[in-house]
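Asks: Be aware that the first sequence starts at 46, since it is given in the working numbering, and climbs by one per residue.
Backbone N, C-alpha and C define an ideal beta-carbon position, used for all residues, glycine too.
First the structure, which I've put down as structure tokens, then a few questions once you've had a look.
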Amino acid sequence: MFRSVPANANFPQLELEILEFWKEHKIYEQSLERRAGRDKFVFYEGPPTANGMPHPGHCLTRAIKDLFPRYRTMRGYYCERKGGWDTHGLPVEVEVCKELGIHSKEEIEQYGVEPFIQKCQQSVWRYMQEWERLTERLGFWIHLDEAYVTYHQSYVESVWWSLKNLFDRDLLYQGHKIVWWWAQGGTALSAGEVGQGYREVADPSVYVKFPLLDEAGEKTGTSLLVWTTTPWTLPSNQFAAVHPELTYATVVDVESGEKLILAEDLVETVGQKAKRELTIESTCKGSALLGKRYVPPFDYYYKAEGDRRGKLNGGGEQHVAWRIVAADFVTIDSGSGVVHQAPAFGEVDYDVLVAEQSRFSDGEGPELINAVGPDGKFTSEAPDYEGRWVKEADKDITRELRERGILFHLDQYLHEYPFCWRAEEDPLIQYPRRSWFIRTTLFKDRMLENNSKINWLPEHIKDGRFGNFLEANVDWALSRERYWGTPLPIWVCDKTGKMEAIDQYDELLAKPGVTGTEVWAEAKKQRPDLPDDLRVHKPYIDAITYNSPFESGGRMTRVPEVIDCWYDSGAMPFAQWGYPHQGRKEFESQFPADFISEAIDQTRGWFYSQLAISTLLFGDEVEAEEGAYREFPHPFRNCIVLGLMLGEDGQKMSKSKRNYREPNEIFDKFGADALRWYFFANQPPWTSIRYSEPAIKDSIPEFLLRLWNVYSFFVIYANIDGFDPVGQAVPDGKSADVRHSLTYDDFANSKGHRPAAQRGELDRWVLSELNRTIAAVVERMDAYDNYGACQKINDFVDGLSNWYVRRSRDRFWASDKTSPEKLDAYWTLYECLLSTSKLVAPFVPFLSETLWQNLAGVFGDSALQSVHLCDYPASDTSAIDATLSERMRLLREIASLGRSARMNAKLKVRQPLAKVEVILADSAHQAWLEEHDDLLRDELNVKKIEYTKDAETYIEYQVQPNFKRVGPRVGKLMPAVKKALTSADGGELLKQLTANGKVVLQIGGETIEFDDEDLQVRLQAKAGWAAAQGPTTVVVLSIELTDELLREGHARDINRQIQDRRKQLDCAFTDRIEVGIVTDSEELRRAIEENAEYIKGETLADSIVFEALAGVEPLECEVAGHKVLIYIRVIR
RNA sequence: GGGCGUGUAGCUCAGUUGGUUAGAGCGCGUCGCUGAUAACGACGAGGUCCCAGAUUCGACUUCUGGCACGCCCA
46 MFRSVPANAN
56 FPQLELEILE
66 FWKEHKIYEQ
76 SLERRAGRDK
86 FVFYEGPPTA
96 NGMPHPGHCL
106 TRAIKDLFPR
116 YRTMRGYYCE
126 RKGGWDTHGL
136 PVEVEVCKEL
146 GIHSKEEIEQ
156 YGVEPFIQKC
166 QQSVWRYMQE
176 WERLTERLGF
186 WIHLDEAYVT
196 YHQSYVESVW
206 WSLKNLFDRD
216 LLYQGHKIVW
226 WWAQGGTALS
236 AGEVGQGYRE
246 VADPSVYVKF
256 PLLDEAGEKT
266 GTSLLVWTTT
276 PWTLPSNQFA
286 AVHPELTYAT
296 VVDVESGEKL
306 ILAEDLVETV
316 GQKAKRELTI
326 ESTCKGSALL
336 GKRYVPPFDY
346 YYKAEGDRRG
356 KLNGGGEQHV
366 AWRIVAADFV
376 TIDSGSGVVH
386 QAPAFGEVDY
396 DVLVAEQSRF
406 SDGEGPELIN
416 AVGPDGKFTS
426 EAPDYEGRWV
436 KEADKDITRE
446 LRERGILFHL
456 DQYLHEYPFC
466 WRAEEDPLIQ
476 YPRRSWFIRT
486 TLFKDRMLEN
496 NSKINWLPEH
506 IKDGRFGNFL
516 EANVDWALSR
526 ERYWGTPLPI
536 WVCDKTGKME
546 AIDQYDELLA
556 KPGVTGTEVW
566 AEAKKQRPDL
576 PDDLRVHKPY
586 IDAITYNSPF
596 ESGGRMTRVP
606 EVIDCWYDSG
616 AMPFAQWGYP
626 HQGRKEFESQ
636 FPADFISEAI
646 DQTRGWFYSQ
656 LAISTLLFGD
666 EVEAEEGAYR
676 EFPHPFRNCI
686 VLGLMLGEDG
696 QKMSKSKRNY
706 REPNEIFDKF
716 GADALRWYFF
726 ANQPPWTSIR
736 YSEPAIKDSI
746 PEFLLRLWNV
756 YSFFVIYANI
766 DGFDPVGQAV
776 PDGKSADVRH
786 SLTYDDFANS
796 KGHRPAAQRG
806 ELDRWVLSEL
816 NRTIAAVVER
826 MDAYDNYGAC
836 QKINDFVDGL
846 SNWYVRRSRD
856 RFWASDKTSP
866 EKLDAYWTLY
876 ECLLSTSKLV
886 APFVPFLSET
896 LWQNLAGVFG
906 DSALQSVHLC
916 DYPASDTSAI
926 DATLSERMRL
936 LREIASLGRS
946 ARMNAKLKVR
956 QPLAKVEVIL
966 ADSAHQAWLE
976 EHDDLLRDEL
986 NVKKIEYTKD
996 AETYIEYQVQ
1006 PNFKRVGPRV
1016 GKLMPAVKKA
1026 LTSADGGELL
1036 KQLTANGKVV
1046 LQIGGETIEF
1056 DDEDLQVRLQ
1066 AKAGWAAAQG
1076 PTTVVVLSIE
1086 LTDELLREGH
1096 ARDINRQIQD
1106 RRKQLDCAFT
1116 DRIEVGIVTD
1126 SEELRRAIEE
1136 NAEYIKGETL
1146 ADSIVFEALA
1156 GVEPLECEVA
1166 GHKVLIYIRV
1176 IR
């Protein structure tokens, strides 16, 4: 006996039971053990940060991450799933600062770096429990207790190894990075923080004259007209930039006679602004101006360096600065088309400097000029303004320019400018900071090559967002002037400035003359519970110094920076194993990944950091560890890039807007399977989806409940009829302790089990559909297309429920429990359900497990304990019958048309009809349909189905060209062809076609032949018939009703009333009853008498009498316009 | 301002290499079924496939240019 199935399934409750079962029997662990030694399917977990609450978007990521490993495991692969946590970085520091009520780095230093990072380490686990709970509840199988953690010593040392590798290969260097700088707080702000602080302000907009020099260095009398909104950057000017493709005009200021150069398109605008009359004297391309020198507005640097020339790489010399250079970012949207360049205070300006530097030989090019200190005040290099806050100095600088006669025009400019988000009055400035970089640009081509080998889903990521990002690669700014992060493992000699990288803590301790280890020892003494991993972090690591190998008496001290936490996560493919200090074997066997998935916001994050690090470390034929060079792609082969999940209102999910529900709420209300199915089955994973509770809820009736109902139906009747699949189910020769996946073969010797070929058409049809579905699902899932796979599954379950079960009900209800047809029905449905539960297991692991446990449970220890231990179903191609499939489709179409026609004629299905006539455009399957019309007769409740030959009575033929075939052949004649065919007599054309095998028409002066396949025939029902038409089929109802048919209809009405009453009385499915009917209508009485056997059979009535039954409450109802009293007594 | 993506029914979304009746679910309407039953099914209404051009015999589909929204970056 199967366990009886609750009528109303409580999915969330069932899921909790399954979770318990999995835990108790270690099903996940077993599923891995069963695949030990098999081919590997490698999965990488992109580490989430556990210091924020998980939201539904995280469910999506985790669901996809679960789906494919589960699928592959069932397909026979060994798929380890090691968890991981991202723990470093600014967000963690910000959280701790919030908690402490402090902001600036100064305040952190005051509070103490040591307690601060201790707090960071604890904060990282704040929402750990919620994350673990979500992971488990969603059914995401992953080893959380063996998760890698980015702050662990082994992980840090692994990252150190990779950095040492880069350092030793001269791929790590120090340079400047222009950052958004909060001068008052002495700290750089992250992009996110800067983004929060934009607001509209009015800044000065100044047009300044830069006098041009000739070859000899003499003033030419012409000036560049240069525009800027930050006058305070003018003392640090190094270049003036023009766009090489723009046209520039030399104009004469009519009033003063001065000559100026500016973009031609801006002459009028600038003239109007300054209220000057400017007449154009000549024009030239920007490219013609390149290299010309000018006198900058301030001579703080120019005085000494103005005449300096440097050697160019290609030979020759050039002045290092104060000349015109080309830049693509120059526009004519505002200003003068000539842009002042102060590389210290603008990222694009800085890039111009770097480009210039690269043209000169080493040490010969321009140095960065910076007259401003980190406090935002002018330094002694600009003595006139020394000590003044730059923004405040703008006015005086402008005044000085005016006094010196080089200010052409001044006005106000409204624009968006960033301010500090925690000190609203403080404007941010762009400012250069010493920073460490990785020379990723050297590897651009290698990274692109690597990228080209990756299978991106969707495909456009490869050459789109990700490819473009790689094309525009700049060196990776690695260092951060922060506290909680992987320390940059570089020690500097205080005598020589020479450096070395260290990749292991023990190696550091073994250095000669090492001191400073007591700082950690002391801390550990004070707080023995401190995790040892902290010793490789600030401030402890900073305390450790040792004797310089470069010069005696020198000491080696670590540089102060920590690294970008994206580097941490990108190092995960090897660092998760502590490679190469340990875990070599694991790394070798788990690299590269077959599959990763994250949302699209990781393009520049984890996707890039992994690819870059891997390409640099393992992608070039470097002299390195054994076999460092690897074929691309690595470190991942397939990557599903998920869309972002938006809130209910289509906006970004936000806690404060409350535009989404907590994941737990969804689990409690609808269950994890509903959520998972919603994710997998409703759209390709890369489309961004809007969080929608109704849509999640819909998964239940749409899919889960439909499958559940079939399952429930099966269990109810299998138990009633005592259907027992066990018998000799386990084939001889197989050891009793082998547990089975229960495939078709396992039943071959069972009682009442017939080979599919011997079963009826409907059974063979559904088995054919099943195997087609299996093949399609496997094909889709191997291509990482969960959406396509779900559609196939959904179609199958729909067919199983709404056609197979519906049309097989009679067989399940048949009284002869041993008839082969009845047993066929049970076996077929049983096999379908078992296969389906395996098929859907990766998608809805809970529901499938529930089904499996009950359906396979009757086998006890002969069957596998969990569906997740089974092999994924394999398609039996011999069971697939494409012709049958097509025929059944046609049959269903006819049934549908029949219902449609009934609807139009307002003839309910309970009323039997004498006949329908079916007209087929193509008679290929007619004979088969005729043989199987019992199904149709029953479905449509008609006595007879005829396939009409002489169709012209009911319909007209409309002939259309097969555009795909005929189009290319006739080209421009197509409209004429269409017209000729549709306006011709369709019947006539068809007769020609049948007689000659072709139709020949004169169209547009040409003779055109059409064969069978060139023409498409549509049927059109003529008016006046109760008919419905499909593209190739028409169904016509015969609507004359005889008295006999009417009485049969009445009997059916009575039947339905009795069934209704049974339900009200809460009858068991097998309860037998006595029926009494009281009515005045002779007609009804006759209807019942004539159909008594039918009613008795349907309603399990032992007797029907025409009188009241004593002691029974009657049901009063109306049938065919007559009042009827129905008495029902249950026989107990 | 740049890159990428999206725009299809009231809502949420599909739409395979261009082929002439553009689909699903929900919602709505009408009806049916009643031994899966607090389920289920059928049928129907509902569309300027964002707009404008171009290519083509033919464009939701390809191209160009707009518009709107989203993401990433300036």
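Determine the DSSP secondary structure at I1176, reduced to helix, strand or coil.
Replies: Residue 1176 sits at position 1131 when you count from the first residue of the first sequence. DSSP places I1176 in strand when its eight states are reduced to three.
Asks: Would you list the residues sitting across from F390 in a DSSP beta bridge?
Replies: Here residue 390 refers to the residue found at position 345 of the first sequence. Answer by DSSP bridge pairing: none, since F390 is not bridged.
Asks: Report, in whole angstroms, the separation of the C-beta atoms of H197 and R126, which I expect to be a contact under 8 Å.
Replies: In the first sequence, the residue the question calls residue 197 occupies position 152. In the first sequence, the residue the question calls residue 126 occupies position 81. With a Cβ gap of about 19 Å, H197 and R126 do not count as contacting.
Asks: Less than 8 Å separating the beta-carbons of P477 and Y347?
Replies: Stepping through the first sequence from its first residue, residue 477 is reached at position 432. Stepping through the first sequence from its first residue, residue 347 is reached at position 302. Taking 8 Å as the Cβ cut-off, P477 and Y347 do not qualify as a contacting pair.
Asks: Could you name the residues of the same chain whose beta carbon sits closer than 6 Å to that of L1154, not counting the 5 residues immediately before and after it, in chain order?
Replies: As a working note, residue 1154 is residue 1109 in the first sequence. Cβ within range, chain order: G1121, Y1172, R1174.
Asks: What's the call for L554, buried or exposed, on a 16-neighbour Cβ count within 10 Å?
Replies: Here the question's residue 554 lines up with position 509 in the first sequence. L554 is exposed by the Cβ-count criterion.
Asks: Rounded to whole angstroms, what is the Cα-Cα separation between I63 and A719?
Replies: What you label residue 63 is simply residue 18 of the first sequence in a count that begins at 1. What you label residue 719 is simply residue 674 of the first sequence in a count that begins at 1. Whole-angstrom Cα-Cα distance: 15 Å.
Asks: In the DSSP assignment, the beta strand (DSSP E) including G129 goes from what residue to what residue?
Replies: If you number the first sequence from 1, residue 129 lands on position 84. Taken as a continuous stretch (DSSP letters only), the beta strand (DSSP E) holding G129 covers 127-130.
Asks: Is P57 near G716, with beta carbons less than 8 Å apart?
Replies: Here residue 57 refers to the residue found at position 12 of the first sequence. Here residue 716 refers to the residue found at position 671 of the first sequence. Contact flag set, yes.
Asks: Determine the DSSP secondary structure at H679, reduced to helix, strand or coil.
Replies: Taking the first residue of the first sequence as position 1, residue 679 is located at position 634. Three-state DSSP puts H679 in coil, outside helix and strand.
Asks: Following the continuous alpha helix (DSSP H) through V158, name the residue where it begins and the one where it ends.
Replies: For the purposes of this step, residue 158 is identified with residue 113 of the first sequence, where counting begins at 1. Its alpha helix (DSSP H) spans residues 158-168.
Asks: Mind checking whether A950 and I1084 have CB atoms under 8 Å apart?
Replies: The residue labelled residue 950 in the question sits at position 905 within the first sequence. The residue labelled residue 1084 in the question sits at position 1039 within the first sequence. Cβ atoms of A950 and I1084: closer than 8 Å.
Asks: Identify whether N55 lies in helix, strand or coil by the three-state DSSP scheme.
Replies: Mapped onto the first sequence, residue 55 falls at position 10. Three-state DSSP puts N55 in coil, outside helix and strand.
Asks: From D921 to D766, what does the alpha carbon distance come to, in whole angstroms?
Replies: For the purposes of this step, residue 921 is identified with residue 876 of the first sequence, where counting begins at 1. For the purposes of this step, residue 766 is identified with residue 721 of the first sequence, where counting begins at 1. Whole-angstrom Cα-Cα distance: 29 Å.
Asks: Since C835 sits in a beta bridge, which residues does DSSP pair it with?
Replies: Locating residue 835 in the first sequence gives position 790, counting from the first residue. DSSP output for C835 lists no bridge partner at all.
Asks: Mapping DSSP to helix, strand and coil, what is A924?
Replies: Numbered from its first residue, the first sequence carries residue 924 at position 879. If DSSP states are grouped into helix, strand and coil, A924 belongs with the helices.
Asks: If we count the other Cβ atoms within 10 Å of its Cβ and call it buried at 16 or more, is G1016 buried or exposed?
Replies: Translated into the one-based positions of the first sequence, residue 1016 becomes position 971. So G1016 counts as exposed.
Asks: To the nearest angstrom, how far is the alpha carbon of N764 from that of R947?
Replies: Counting from one through the first sequence, the residue named residue 764 turns up at place 719. Counting from one through the first sequence, the residue named residue 947 turns up at place 902. So the two alpha carbons sit approximately 37 Å from each other.
Asks: Excluding the 5 residues preceding and the 5 following P99 in the sequence, name in chain order all residues of the same chain whose CB lies nearer than 8 Å to its CB.
Replies: For this step, residue 99 is matched to residue 54 along the first sequence. Result list for P99: P93, Y172, E175, W176, L179, P708, in chain order.
Asks: Are the Cβ atoms of V169 and T132 separated by less than 8 Å?
Replies: As a working note, residue 169 is residue 124 in the first sequence. As a working note, residue 132 is residue 87 in the first sequence. In contact: V169 and T132 (Cβ atoms closer than 8 Å).
Asks: Assign A774 to buried or exposed, taking buried as 16 or more other Cβ atoms, counted over all protein chains shown, within 10 Å of its Cβ.
Replies: As a first step, residue 774 is located in the first sequence; it is residue number 729 there, counting from the start. Low per-residue confidence applies at A774: pLDDT is 47, beneath 50, and the placement is therefore not dependable, though the value from the model is reported in the following sentence. Classification for A774: buried.
Asks: Relative to the alpha-carbon of Y999, which residue among L1082, E437, K254 has its alpha-carbon at the smallest distance?
Replies: Residue numbering aside, residue 999 sits at position 954 when the first sequence is read from its first letter. Selected option, being the one with the closest Cα: L1082.
Asks: Would C329 be called buried (16 or more neighbouring beta carbons within 10 Å of its own) or exposed?
Replies: Within the first sequence, numbered from 1, the residue matching residue 329 stands at position 284. It counts as exposed.
Asks: What are the boundary residues of the beta strand (DSSP E) that includes Q229?
Replies: On the first sequence, position 184 is the one that residue 229 refers to. Element bounds for Q229: n/a, residue is neither H nor E.
Asks: Using C-beta distances below 7 Å, list every residue in its chain close to A1137, excluding the 5 sequence neighbours before and after it, in chain order.
Replies: Taking the first sequence and counting its residues from 1, the one referred to as residue 1137 is at position 1092. Result list for A1137: I1149, in chain order.
Asks: Only counting runs of 4 or more residues, tell me where the alpha helix (DSSP H) segments fall wholly within the stretch 98-124, in order along the chain.
Replies: Segments of the alpha helix (DSSP H) lying fully in the stretch 98-124: 101-119.
Asks: Could you spell out the range, first to last residue, of the beta strand (DSSP E) harbouring N1187?
Replies: Outside the displayed span of the chain (46 to 1177) sits residue 1187, for which this structure offers no information.
Asks: According to DSSP, is H505 part of a helix, a strand, or is it coil?
Replies: Position 460 of the first sequence, counting from 1, holds the residue named residue 505. Correct three-state label for H505: helix.
Asks: In whole angstroms, what is the alpha-carbon distance linking F66 and P887?
Replies: Indexing the first sequence from 1 puts residue 66 at position 21. Indexing the first sequence from 1 puts residue 887 at position 842. Using only the alpha carbons, I get a separation of about 17 Å.
Asks: Below 7 Å CB to CB, which residues in the same chain sit around P1076 once its five sequence neighbours on both sides are set aside?
Replies: Here the question's residue 1076 lines up with position 1031 in the first sequence. These residues qualify, in order along the chain: R1063.
Asks: Since L749 sits in a beta bridge, which residues does DSSP pair it with?
Replies: Within the first sequence, the letter at position 704 stands for residue 749. L749 pairs with nothing; no bridge assigned.
Asks: Whole angstroms are fine: how far does the CA of N55 sit from the CA of E1158?
Replies: Taking the first residue of the first sequence as 1, we reach residue 1158 at position 1113. Taking the first residue of the first sequence as 1, we reach residue 55 at position 10. Their Cα atoms are separated by approximately 35 Å.
Asks: CA-CA distance, I586 and E191?
Replies: Position 541 of the first sequence, counted from the start, is the residue given in the question as residue 586. Position 146 of the first sequence, counted from the start, is the residue given in the question as residue 191. Rounded to whole angstroms, I586 to E191 spans 26 Å at the Cα level.
Asks: Measure the alpha-carbon distance for A1113 versus E1089 and round it to whole angstroms.
Replies: By one-based count along the first sequence, residue 1113 stands at place 1068. By one-based count along the first sequence, residue 1089 stands at place 1044. Their Cα atoms are separated by approximately 33 Å.
Asks: Just the C-alpha distance for V297 and L323, rounded to the nearest angstrom, thanks.
Replies: Here the question's residue 297 lines up with position 252 in the first sequence. Here the question's residue 323 lines up with position 278 in the first sequence. So the alpha carbons of these two residues sit roughly 5 Å apart.
Asks: Count the other C-beta atoms from every protein chain shown that fall within 10 angstroms of the C-beta of H505, then say buried if there are 16 or more, exposed otherwise.
Replies: For the purposes of this step, residue 505 is identified with residue 460 of the first sequence, where counting begins at 1. Exposed: under 16 other Cβ atoms inside 10 Å.
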